[in-house]
Amino acid sequence: MTGARSVEADVARPRRPASVVGGSLLMVARALSGGFVIGAVLTRWDEFVGTIEINGARLDPVDPQAAAAILGWLLGGYGFILVLYLGLATLVFTGRNWARVVAMAFASASILISFADYSLNGAQITLRTSLVSVTLDILILLALSSTNARHYARAVRAARKDRAAR
Amino acid sequence: MPDTTAAPPDRRRVSVGAALDSFFFVLAGFSSVWLAILLATESLGLGWGLLWFAVLFWALLAYLVLPRLHRILTRLYVPNYFIGRTRTSDGLLGDPVNLALNGSAAQVHAALAAAGWIRADDVTVASSLRIVSSTVRRRSYLQAPVSPLLLFDRVQDFAYQQEVADNPAKRHHVRFWRCPDGWMLPGGHRVDWVAAGTFDRAVGLSLFTLQVTHKIDEHTDIERDHIVASIRRAVPETRIVLLRDFATGYHSRNGGGDNIQTDGDLPVIDLRAMSLPGRPGVAGAQVGQAPGQPGSVVEVTGLS
Numbered sequence: 079m080t081g082a083r084s085v086e087a088d089v090a091r092p093r094r095p096a097s098v099v100g101g102s103l104l105m106v107a108r109a110l111s112g113g114f115v116i117g118a119v120l121t122r123w124d125e126f127v128g129t130i131e132i133n134g135a136r137l138d139p140v141d142p143q144a145a146a147a148i149l150g151w152l153l154g155g156y157g158f159i160l161v162l163y164l165g166l167a168t169l170v171f172t173g174r175n176w177a178r179v180v181a182m183a184f185a186s187a188s189i190l191i192s193f194a195d196y197s198l199n200g201a202q203i204t205l206r207t208s209l210v211s212v213t214l215d216i217l218i219l220l221a222l223s224s225t226n227a228r229h230y231a232r233a234v235r236a237a238r239k240d241r242a243a244r
Numbered sequence: 044m045p046d047t048t049a050a051p052p053d054r055r056r057v058s059v060g061a062a063l064d065s066f067f068f069v070l071a072g073f074s075s076v077w078l079a080i081l082l083a084t085e086s087l088g089l090g091w092g093l094l095w096f097a098v099l100f101w102a103l104l105a106y107l108v109l110p111r112l113h114r115i116l117t118r119l120y121v122p123n124y125f126i127g128r129t130r131t132s133d134g135l136l137g138d139p140v141n142l143a144l145n146g147s148a149a150q151v152h153a154a155l156a157a158a159g160w161i162r163a164d165d166v167t168v169a170s171s172l173r174i175v176s177s178t179v180r181r182r183s184y185l186q187a188p189v190s191p192l193l194l195f196d197r198v199q200d201f202a203y204q205q206e207v208a209d210n211p212a213k214r215h216h217v218r219f220w221r222c223p224d225g226w227m228l229p230g231g232h233r234v235d236w237v238a239a240g241t242f243d244r245a246v247g248l249s250l251f252t253l254q255v256t257h258k259i260d261e262h263t264d265i266e267r268d269h270i271v272a273s274i275r276r277a278v279p280e281t282r283i284v285l286l287r288d289f290a291t292g293y294h295s296r297n298g299g300g301d302n303i304q305t306d307g308d309l310p311v312i313d314l315r316a317m318s319l320p321g322r323p324g325v326a327g328a329q330v331g332q333a334p335g336q337p338g339s340v341v342e343v344t345g346l347s
């Protein structure tokens with residue numbers, strides 16, 4: 079690093095640490111794993127329509143169209159959340175501190191719910207059930223809560239304020 | 044703190060953010076322990092066929108779980124003021140601070156270059172990959188990066204090294220930190236730089252952190268004296284002030300579990316008399332009350 083120009087560029091745009099890159103990639107992986115779930119449901123649509131229940135009674139034999147509509151809405155809502163989550167991953171990557179905090183809050187809530195299920199209800203967390211998503215959430219939380227990620231988000235915010243003031 | 048009630052709104056928001064960050068930091072530590080337990084139970088059920096799961100488990104433990112736990116615990120227990128030891132990025136005690144320097148950055152760089160030291164690359168993805176591949180293939184990598192160690196709450200400003208026998212696993216290396224303005228060594232000695240020099244003797248698995256790291260030679264005094272001697276040979280104007288028994292001689296371990304032992308002496312390398320192209324050095328008499336002529340060694344001992 080030589081010369082005044084590169085130093086100035088450094089001040090304006092702090093170097094992105096590996097934890098932020100890894101954290102946002104893990105968030106993308108988390109969204110993709112959700113996308114796979116949607117894909118799996120779509121390929122076996124009729125089977126899943128048959129599982130829709132209302133008040134303990136299967137809806138499928140009574141009103142197949144309503145059952146399909148409910149499943150469609152559920153999937154659509156989930157897909158919409160996943161798209162928002164991808165957007166959040168992008169904002170984390172660009173160093174928005176609030177996005178980092180929101181992503182950590184999501185991951186924490188998901189981890190705490192899984193942990194409550196595991197310790198209170200004795201839920202099995204294995205590769206067949208939710209081990210992959212719990213692992214991804216914990217790794218996201220670890221990466222985004224690291225000192226490097228925190229300093230980066232703060233530095234980006236400071237740089238932005240600095241640019242706005244100029 | 045008397046001014047907490049009158050804190051401006053901006054400062055208050057920052058402290059809420061800091062509290063949230065600490066909460067997530069610690070929660071992530073606990074979650075990672077749980078994840079390790081989950082993975083361990085899962086791998087028990089998988090049998091020998093999935094040995095890669097054990098490797099995954101080791102990587103998780105060594106590079107994510109243990110570092111986070113070390114960070115949380117050392118933040119509570121290890122003092123953050125100068126105790127003559129650097130700290131690893133996990134907060135553990137690292138290599139001992141065994142050198143101090145006076146002089147400008149340009150003088151330090153020039154003296155080290157003249158003494159045959161090569162500046163280490165910064166740690167990046169590319170340089171990390173290169174040091175791994177050159178270690179495995181036993182290829183020489185003269186500018187190999189050194190791991191970050193912290194002093195004054197920051198990573199070293201720069202590091203220099205000398206490779207031994209064209210093998211990146213063995214090297215002399217020394218990290219430098221610029222002292223904060225007005226900062227003095229214990230005992231009231233004002234210096235511009237402090238440094239930590241150790242000899243990497245091999246690459247291996249640390250039993251403390253379970254990570255793959257360089258193992259350092261136990262006799263850190265030999266490395267310290269090698270650095271001083273190499274600079275004195277190359278820069279005859281160098282003046283040495285040897286602070287005898289700066290620290291008590293001790294026998295300890297660094298953050299990777301390697302033994303270190305030292306007699307506790309701290310040489311201060313004074314390069315202020317060194318002349319650079321277009322800039323003559325400061326003559327001995329002008330260097331404040333510093334005793335000794337260029338090229339000399341002054342020993343400072345205690346009262347008894």
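Sequence lines, in order, name chains A and B.
When we follow the numbering used here, the leftmost residue of the first sequence carries the number 79, and every step to the right adds one.
When we follow the numbering used here, the leftmost residue of the second sequence carries the number 44, and every step to the right adds one.
C-beta atoms are modelled at their ideal positions from N, C-alpha and C, and glycine is treated no differently.
To the nearest angstrom, report how far apart residue i and residue j are at their CA atoms.
i                      : j                      : result
residue 4 of chain B   : residue 283 of chain B : Because chain B here runs from 44 to 347, residue 4 of chain B falls outside it and cannot be looked at.
residue 77 of chain B  : residue 138 of chain B : 32 angstroms
residue 71 of chain B  : residue 217 of chain A : 8 angstroms
residue 158 of chain A : residue 164 of chain A : 10 angstroms
residue 142 of chain A : residue 192 of chain A : 33 angstroms
residue 269 of chain B : residue 84 of chain B  : 50 angstroms
residue 349 of chain B : residue 210 of chain B : Not covered by the structure: residue 349 of chain B. The range shown for chain B is 44 to 347.
residue 143 of chain B : residue 345 of chain B : 18 angstroms
residue 167 of chain A : residue 103 of chain A : 8 angstroms
residue 172 of chain B : residue 208 of chain A : 33 angstroms
residue 231 of chain A : residue 106 of chain B : 22 angstroms
residue 233 of chain B : residue 239 of chain B : 17 angstroms
What is the residue span of the alpha helix (DSSP H) that residue i lies within?
i                      : result
residue 280 of chain B : Neither: residue 280 of chain B is in no alpha helix (DSSP H) and is coded neither H nor E.
residue 114 of chain A : 96-121
residue 240 of chain A : 225-243
residue 152 of chain B : 148-157
residue 124 of chain B : Counting along the chain, residue 124 of chain B falls outside any alpha helix (DSSP H), and DSSP gives it neither H nor E.
residue 172 of chain B : 168-179
residue 170 of chain A : 142-171
residue 296 of chain B : No alpha helix (DSSP H) holds residue 296 of chain B; the beta strand (DSSP E) holding it covers 293-296.
Chain A beta carbons: is any one of them nearer than 7 angstroms to that of residue i?
i                      : result
residue 327 of chain B : Note on residue 327 of chain B: pLDDT 48, under 50, position unreliable in the model; the coordinate value appears next. With 7 angstroms as the cut-off, residue 327 of chain B does not count as an interface residue toward chain A.
residue 75 of chain B  : yes
residue 68 of chain B  : yes
residue 155 of chain B : no
residue 64 of chain B  : yes
residue 148 of chain B : no
residue 253 of chain B : no
residue 8 of chain B   : Residue numbering for chain B in the displayed model covers 44 to 347; residue 8 of chain B lies beyond these limits and cannot be assessed.
residue 354 of chain B : Given a span of 44 to 347 for chain B in the structure shown, any question on residue 354 of chain B remains unanswerable.
residue 78 of chain B  : yes
So with Cβ pairs under 7 angstroms, would you call residue i a contact of chain B?
i                      : result
residue 191 of chain A : no
residue 104 of chain A : no
residue 207 of chain A : no
residue 218 of chain A : no
residue 86 of chain A  : Residue placement at residue 86 of chain A cannot be trusted, given a pLDDT of 43 that sits under 50; what the coordinates show is reported in the next sentence. Output row for residue 86 of chain A: interface = no.
residue 223 of chain A : yes
residue 111 of chain A : no
Can you tell me the Cβ-Cβ gap for residue i and residue j, rounded? I've got them flagged as a contact below 8 angstroms.
i                      : j                      : result
residue 129 of chain B : residue 194 of chain B : 5 angstroms
residue 163 of chain B : residue 202 of chain B : 4 angstroms
Terminal residues of the continuous beta strand (DSSP E) containing residue i?
i                      : result
residue 95 of chain B  : Run containing residue 95 of chain B: none in the beta strand (DSSP E); it sits in the alpha helix (DSSP H), 94-103.
residue 341 of chain B : 340-343
residue 247 of chain B : 236-248
residue 201 of chain B : 201-207
Taking residue i as the reference, which of the options has the closest Cα?
i                      : options                    : result
residue 177 of chain B : B:310, B:235, B:212        : B:212
residue 296 of chain B : B:109, B:262, B:269, B:85  : B:262
residue 86 of chain B  : A:133, A:204, A:194        : A:204
residue 251 of chain B : B:260, B:245, B:302, B:289 : B:302
residue 226 of chain A : B:189, B:319, B:196, B:187 : B:196
residue 205 of chain B : B:290, B:166, B:243        : B:243
residue 156 of chain A : A:113, A:200, A:236        : A:113
Looking at chain D, is there any beta carbon in it that lies within less than 7 angstroms of the beta carbon of residue i?
i                      : result
residue 121 of chain A : Of the protein chains in the structure, A and B, none is chain D.
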